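For reference, the structure discussed in these notes is given below.
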Amino acid sequence: MVNIKLKKFNLEHTLECGQIFRINRLEEWYYVNAQNKFFKIRQNGNELEYHGVDKKFVTHFFSLNEDYSKILKKIDRDKYMREAIERYRGLRILRQDPWECLISFICSSASNIPRIKSILNVLSEDFGKQINLDKVCNYSFPIPGSINNYKKILSAKTGFRAKYIFETNKSMNIKTLNSFRTMTYKSAKDELKKLNGVGDKVADCVLLFSLGFNQAFPVDTWIKKVMQLLYFDNETVSNEKIRDYALNYFGDYAGYAQQLLFMFARNELRTPNRLKLWKEGKL
DNA sequence: CGTCAGGTAGCCA
DNA sequence: TGGCTACCTGAC
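In full-length UniProt numbering, the protein residues as written are 1 to 283.
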């Protein structure tokens with residue numbers, strides 16, 4: 001059991017903001033597959049209850065040892081961010097396993113969440129190890145080197161991503177991934193982008209969600225829309241320009257700003273019209 | 001049936 | 001650099 005103020009952590013926002021795919025909600029419990037673990041966790045006010053992992057794991061995995069107030073203070077730059085913070089307060093960046101995160105986001109390109117989930121589950125069933133919790137059967141994410149059957153990868157409905165997964169499985173390992181942690185943001189990103197199937201967006205996701213680069217600012221379609229509207233007078237600008245602007249504007253914790261804005265844009269401003277109305281204060 | 005979805009590689013100016 | 005387009009697949 002962990003006690004943490006609701007204002008400083010929100011399990012639902014943290015797990016449902018798209019940074020992790022292998023989660024399942026069953027009534028008030030979240031069943032989570034991550035880092036070789038299969039555990040369940042729920043939040044009741046200021047209390048976190050969990051089975052299958054210990055306090056040390058939970059504290060680390062959910063970044064509970066980060067100074068949340070300090071982070072919010074740094075990104076709270078304007079009325080837009082303030083509103084995103086108010087609505088999704090308690091959202092934290094997870095500390096995921098870099099390998100699992102890398103493969104997951106390679107799978108995410110030009111896809112959607114249900115499909116990504118399905119691919120990752122099939123890959124785990126085919127190449128991972130069985131783990132049980134409460135008689136619920138599940139599979140750990142396959143370790144580097146073990147996703148080595150191209151036909152099986154393809155039959156997980158990975159499509160054109162199959163070759164990226166197959167190649168990455170051959171060339172990448174945990175040690176190399178971990179060595180990126182001590183590099184500069186730019187060097188680490190360049191290294192990741194050497195992998196086929198890894199571009200700016202996927203690299204930034206891996207850097208932010210698993211390698212500790214809190215300044216990484218993944219630019220996807222939602223972030224692009226909301227950033228253009230709020231900070232570029234609704235003009236079309238390149239992803240690179242958006243990223244540079246965000247890094248400069250939000251600073252060391254730009255990644256937290258990205259997640260909050262992403263949630264806000266995706267959940268509440270689905271249509272461009274709503275987005276515009278919101279900016280004009282008419283929502 | 002076309003379009004589109006949390007992108008990227010490859011090609012060309 | 002900047003601007004295309006094809007790419008697996010499945011849900012509208």
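Every residue gets a Cβ at the ideal spot worked out from N, C-alpha and C, and that includes glycine. Computed from a predicted structure; not experimentally measured.
Cβ distance (whole Å) where residue i is taken to contact residue j below 8 Å
i	j	result
P144	S124	Rounded, the Cβ-Cβ distance is 14 Å, inconsistent with contact.
N214	I93	7 Å
L11	I23	10 Å between Cβ atoms; not a contact.
H51	F39	6 Å
R274	W222	Between W222 and R274 the Cβ distance is about 13 Å, and since that is not below 8 Å, they are no contact.
V2	L64	7 Å
N44	I4	In fact, because the Cβ distance is near 12 Å, the residues do not count as touching under 8 Å.
L247	A254	5 Å
Residue i versus the options, residue with shortest Cα-Cα distance
i	options	result
D134	K5, W29, H13	W29
G281	V53, Y80, H13	Y80
residue 304	N10, F262, D54	No answer is possible for residue 304: it lies beyond the span of the chain, which begins at 1 and ends at 283.
Y164	V136, S155, C107	C107
D252	S69, K8, I75	I75
N121	N148, K70, K157	K157
F166	A257, N46, N178, S146	S146
K186	R161, R243, M172	R243
E27	Q19, R42, N36	R42
S118	E191, I153, N239, A203	I153
R82	G90, L72, G128	L72
S69	W99, E49, G90, D190	G90
L177	S155, A203, A162, R161	A203
H13	N36, D54, I85, E66	I85
G212	E49, N132, K201, D97	D97
K241	D200, Q259, L207, E268	D200
K7	W99, E49, D67, R161	D67
N148	F160, G128, G159	G128
N173	W99, C17, R95	W99
S179	S171, K170, E191	E191
Counted within 10 angstroms of its Cβ, other Cβ atoms place residue i as buried (16 or more) or exposed
i	result
A110	exposed
N33	buried
F217	buried
E235	exposed
I101	Note on residue identity: the sequence assigns Cys, not Ile, to residue 101. Classification of C101: buried, given that the 10 Å Cβ count is 16 or more.
V198	buried
V226	buried
P114	exposed
S140	buried
T168	buried
S210	buried
L277	exposed
F21	buried
Q130	exposed
F9	buried
N36	exposed
N239	buried
F160	exposed
F132	Before going further, note that residue 132 is Asn rather than Phe in the sequence given. So N132 counts as exposed.
Delimiting residues of the beta strand (DSSP E) encompassing residue i
i	result
L6	Per DSSP, L6 belongs to no beta strand (DSSP E) and is neither H nor E.
L26	23-26
Q35	That residue, Q35, is in no beta strand (DSSP E); it is neither H nor E in DSSP.
N239	Careful: N239 lies outside any beta strand (DSSP E), inside the alpha helix (DSSP H) at 239-250.
L48	47-51
C17	No beta strand (DSSP E) holds C17; DSSP gives it neither H nor E.
Check: residue i C-beta below 7 Å from any heavy atom of the ligand FAD
i	result
G18	As presented, the structure is devoid of all ligands, the ligand FAD included, so that no description of it is given.
Terminal residues of the alpha helix (DSSP H) in which residue i lies
i	result
L260	254-268
I153	150-153
List in chain order: all unbroken beta strand (DSSP E) runs of 3+ residues lying wholly within the segment 61-129.
none
What residue ranges within the segment 166-234 form continuous alpha helix (DSSP H) runs of no fewer than 4 residues, ordered along the chain?
174-179, 185-193, 200-210, 221-231
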